[in-house]
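K.L.:
Residue numbers (this note's numbering): 1 to 397.
Every residue gets a Cβ at the ideal spot worked out from N, C-alpha and C, and that includes glycine.
(1) In whole angstroms, what is the alpha-carbon distance linking residue 320 and residue 279?
(2) According to DSSP, is residue 121 helix, strand or coil?
(3) Checking 8 Å against the spacing of the C-beta atoms, do residue 84 and residue 169 come in under that value?
(4) Return the chain-ordered list of same chain residues with a C-beta closer than 7 Å to the C-beta of residue 404, the five sequence neighbours on each side being excluded.
(5) Could you say which of 289, 106 and 256 lies nearest to residue 55 if we only look at CA atoms?
(6) With the cut-off set at 8 Å, would you say residue 346 and residue 244 are in Cβ contact?
(7) I think residue 261 touches residue 372, with their Cβ atoms under 8 Å apart; what is that distance to the nearest whole Å?
(8) Please state whether DSSP places residue 157 in a helix, a strand or coil.
(9) Which residues mark the beginning and the end of the alpha helix (DSSP H) in which residue 226 is found?
(10) Using the C-alpha atoms, what's the distance from residue 242 back to residue 226?
(11) Check whether the Cβ atoms of residue 324 and residue 210 sit closer than 8 Å, and answer yes or no.
(12) Do you know how far the Cα of residue 314 is from the Cα of residue 133?
(13) Should residue 57 and residue 111 be called a contact, given that it needs their Cβ atoms to be closer than 8 Å?
(14) Once you ignore the five residues that flank residue 61 on each side, which residues in its own chain have a CB closer than 6 Å to its CB?
(15) Please work out which residues of its chain come closer than 7 Å, Cβ to Cβ, to residue 64, disregarding the five sequence neighbours upstream and downstream, and give them in chain order.
(16) For my contact list, residue 99 and residue 49 are in at a C-beta cut-off of 8 Å; report their separation, rounded to the angstrom.
(17) For residue 61, report the span of its alpha helix (DSSP H) as first-last.
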């Protein structure tokens, strides 16, 4: 299979991993009005996919070892399309069931794509990670921007705004199936290589301090991202911004992240030590939240600052998964661990925001919470960014 087709397949899958989530925030008020769900329940709905990430991410490595990473990604894309369709059916039960299916499918892609990048592009992890993350962010931004216009144009409320993203998932599955034609032998060899790695008696990734540092960096980054993706439009509409404008502000937040995600790979370069980059790109989120509190009239400026921070730090977080491991198997294990614990932490973001806003009748504490998470992320970067590996070299074990 031509390398360009293989890369295209990865990019198409990446483009499907965020729109099913980011298309919800702009129509959350419509969804709540239609289903009767309150603020706390809507926060739980936003956290549900992240809880699915937390539960299923540790299982992704074992599943891929048994069936092959490419095959599992293909199944995930087909299941994602089905989950999106089910979520848009009438009835609250379908909404919750489909949301679980969406989260489960994305969890597999989240874990396996960084591992495949590590395996296929070992000398360009930061660059390729920046590319696929930018595609992921770009589609996420598009989904946020068009959610309200689609709802208005179709006259069906929020349902078509969510359902339309089943189409890219099916397209990604088709292209991924073409990719698999040239990777079956490689998949088989990867599966048979796993026992050989196990005989080295590696320390469990769960006992590695480096692994926990990467995990907390990813978790804190994801907590701020998903909190804002779910609640930024609601925060802004509560302050008098029209719903369509608030949706485009969420688009701006993510669109800026595309540029910053690509730009940060230049700053990262080929260096293994990423402490300075991690701290530098975490602090704009703190400034953005302070601006939202003290100068809300400059909201677009703060949205841009938040986007710069979020878009660059997700690239750093995902690149660290490859940079802090030595082998494909180690990368898959760290990816599963980081996304399990990390997204469990991230799930607390939308939940806490919903409860804080519902309990106080104000979004001030939510903004303060976001700033605090970003500040903690900058501190963790001082450890996660160091030039260290989760496992020692086999000869030094």
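P.N.:
In short:
(1) Residue mapping note: residue 320 aligns to position 320 of the chain shown, counting from 1. Residue mapping note: residue 279 aligns to position 279 of the chain shown, counting from 1. Rounded to whole angstroms, the separation of the alpha carbons of residue 279 and residue 320 is 14 Å.
(2) As a working note, residue 121 is residue 121 in the chain shown. The answer is coil: DSSP assigns residue 121 none of H, G, I, E or B.
(3) Within the chain shown, numbered from 1, the residue matching residue 84 stands at position 84. Within the chain shown, numbered from 1, the residue matching residue 169 stands at position 169. In this structure, residue 169 lies closer than 8 Å to residue 84 by Cβ.
(4) Nothing about residue 404 can be read from this structure; the chain reaches only from 1 to 397.
(5) Counted from its first residue, the chain shown places residue 55 at position 55. Relative to the Cα of residue 55, the nearest Cα in the group 289, 106 and 256 belongs to 106.
(6) Numbered from its first residue, the chain shown carries residue 346 at position 346. Numbered from its first residue, the chain shown carries residue 244 at position 244. Their beta carbons are not under 8 Å apart, which means residue 346 does not touch residue 244 by this criterion.
(7) As a working mapping, residue 261 is identified with position 261 in the chain shown. As a working mapping, residue 372 is identified with position 372 in the chain shown. Residue 261 to residue 372, Cβ: 24 Å. No contact.
(8) As a first step, residue 157 must be located in the chain shown, where it is residue number 157. Residue 157: coil per DSSP, three-state reduction.
(9) As a first step, residue 226 must be located in the chain shown, where it is residue number 226. First-last of the alpha helix (DSSP H) with residue 226: 209-238.
(10) For this step, residue 226 is matched to residue 226 along the chain shown. For this step, residue 242 is matched to residue 242 along the chain shown. Their Cα atoms are separated by approximately 21 Å.
(11) Along the chain shown, one-based indexing puts residue 324 at 324. Along the chain shown, one-based indexing puts residue 210 at 210. Yes; because the gap between Cβ atoms is below 8 Å, this pair is in contact.
(12) Walking along the chain shown from the start, residue 133 turns up at place 133. Walking along the chain shown from the start, residue 314 turns up at place 314. C-alpha separation (whole angstroms): 8 Å.
(13) Within the chain shown, residue 57 is the residue found at index 57, counting from 1. Within the chain shown, residue 111 is the residue found at index 111, counting from 1. Cβ distance < 8 Å, so residue 57 and residue 111 count as in contact.
(14) The residue you call residue 61 lines up with position 61 of the chain shown. Residues 332, 333 and 336 of the same chain have their beta carbon placed closer than 6 Å to that of residue 61, with the five preceding and five following residues left out of the count.
(15) Along the chain shown, one-based indexing puts residue 64 at 64. Taken in chain order, the residues that qualify are 72, 112 and 332.
(16) Here the question's residue 99 lines up with position 99 in the chain shown. Here the question's residue 49 lines up with position 49 in the chain shown. Rounded, the Cβ-Cβ distance is 6 Å, consistent with contact.
(17) Your numbering for residue 61 matches position 61 in the chain shown. 39-67 is the extent of the alpha helix (DSSP H) around residue 61.
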